[in-house]
Structure formats: C-alpha cells, structure tokens
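So the structure is just underneath, and the comments pick up after that.
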Amino acid sequence: MKFYDFEQMKTILEPTLNKERYTHTLGVMYTSAALAMRYDGSLLDAQAAGLLHDCAKCIPNDKKIILCNHYGIPVSSYEKKNPSLLHTKLGAYMAEKNYGVGSEDVKNAIRYHTTGRPNMSLLEQILYVADYIEPSRDQAPNLAQMRKLAFVDLEEALFRIMEGTISYLKKSEKEIEPTSFEAFEYYKEKRSLNKEV
Numbered sequence: 001m002k003f004y005d006f007e008q009m010k011t012i013l014e015p016t017l018n019k020e021r022y023t024h025t026l027g028v029m030y031t032s033a034a035l036a037m038r039y040d041g042s043l044l045d046a047q048a049a050g051l052l053h054d055c056a057k058c059i060p061n062d063k064k065i066i067l068c069n070h071y072g073i074p075v076s077s078y079e080k081k082n083p084s085l086l087h088t089k090l091g092a093y094m095a096e097k098n099y100g101v102g103s104e105d106v107k108n109a110i111r112y113h114t115t116g117r118p119n120m121s122l123l124e125q126i127l128y129v130a131d132y133i134e135p136s137r138d139q140a141p142n143l144a145q146m147r148k149l150a151f152v153d154l155e156e157a158l159f160r161i162m163e164g165t166i167s168y169l170k171k172s173e174k175e176i177e178p179t180s181f182e183a184f185e186y187y188k189e190k191r192s193l194n195k196e197v
C-alpha cells in the first residue's frame, strides 16, 4: 500500500511558505481529500497533491528560473515573462526530490494545477478545482456556486472555473498561457459533444 508521512511533509513544508499560503495549502489538502471521497479517487494521492501543490510558490521568481535551469526543467518564453507560473513545474520536481513522491499522477496534478491541460486525470481535476474552492478563498464572484457544483459535477465545475479565468484574462487584456487555452478549448468541445448526446 502507498504511504505518505504527512506530518513529516508538513514539518518540511511549513517553514518554506508564508502563513497565508500554508493556510491555503491545508485547505486545498482537505478539499482535495473531500473531492476524492466523493468521486472515488485515491484519498492519499489527493492529500499529497493538495499539500504539495504550492511547495515552490514562495521561492522568489528570479530564483525559480535559476532552479529550473539548474534542474533541467524547460522554461517557455511565456514563463520567462511570468515566472510565478514556474512554481507548478518546480513544485512537481520538488515533490519527488524533497518529499519522496513517486506517483506520476500526483506530480502531474501539481504540474497542471494552475493552467490545466486537455484530458486531465481525475486527480488533476480534483486539485485544479480544490485550489479554487478551498475554504480560505474568498475573492471569486461565483465561489458559493462553484463549491456546490464541484460535489455534483466535477468536470462541469472544472470547465466553469476555466471559462471564468479565460474570460477574466481576455477582459484584462492579459496574455493567455497556451496550455490554459488548449485545456479550455478541449473541455468546451467535450461539453458541447456531451450536450448533443
């Protein structure tokens, strides 16, 4: 059976995050676990992904680029302009290196928890949604609705969160990360095909 020493992970993780980020992290861990229970996912993997999803978040942006170069993690031109996004790739690497996570699914969930991607695994969807709806979040205008929807139809919640993010970026005239746009288009197409059936 798979085993994670969550107390040991927390001991290593807590000093690397600020107080708000650590509170958020625990919220994502618990919300991921709740969603995994609801959708028959791996409870342990959901907790591990939730706990470690932002493990590289508080590293300064210039250091994120240096560490990615050092570890051979590719950095896109978009990520060079928006280095805060690198916490996902770097976090997936650190989950294995610093916390002993061997599961590719957990590492991928960490890797894609901000952008999403086409055809996400159940765990990837759980972490993406949990990151948005966890209890300490209070900024999104449709939060109460998304919290309910997440426990009724996970993929619909995933799509609606992506749709809101893309809409916000377009209104702000901000550049959209290519993987985010591919993910949104994939789930939009899948949703329209499901409605035709």
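The sequence shown lines up with residues 1 to 197 when you count with the working numbering. C-beta: ideal position from N, C-alpha, C; glycine also. Note that the structure is a prediction, hence the values are computed from the model and not measured.
Spatial distance of residue i from residue j (CA atoms)
i: Tyr132; j: Arg111; result: 16 Å
i: Asn108; j: Met146; result: 23 Å
i: Leu44; j: Ala33; result: 8 Å
i: Leu169; j: Glu7; result: 38 Å
i: Gly27; j: Asn119; result: 25 Å
i: Val199; j: Asp105; result: The shown model of the chain, from 1 to 197, leaves out residue 199, and the question about it has no answer.
Any non-hydrogen atom of the ligand MN within 8 Å of residue i CB
i: Lys63; result: The model on display carries no ligand, and the ligand MN is accordingly not part of it.
Residue i and residue j closer than 9 Å at C-beta
i: Thr179; j: Arg117; result: yes
i: Ala48; j: Ala92; result: no
i: Ala150; j: Ala144; result: no
i: Asn194; j: Gly164; result: no
i: Ile126; j: Leu154; result: yes
Where residue i falls: helix, strand or coil (DSSP)
i: Gln8; result: helix
i: Lys57; result: coil
i: His113; result: coil
i: Ser167; result: helix
i: Asp138; result: coil
i: Asp105; result: helix
Buried or exposed by the 16-neighbour rule on C-beta atoms within 10 Å, applied to residue i
i: Asp54; result: buried
i: Phe3; result: exposed
i: Thr31; result: buried
i: Met29; result: buried
i: Met37; result: exposed
CB contact check: residue i to chain D, cutoff 9 Å
i: Tyr71; result: As a matter of chain content, chain D is missing from the structure shown, which is built from one protein chain.
Could you tell me whether the segment 18-38 touches the segment 64-81, where touching means 3 or more Cβ pairs closer than 8 Å?
Output reads no: the segment 64-81 does not touch the segment 18-38.
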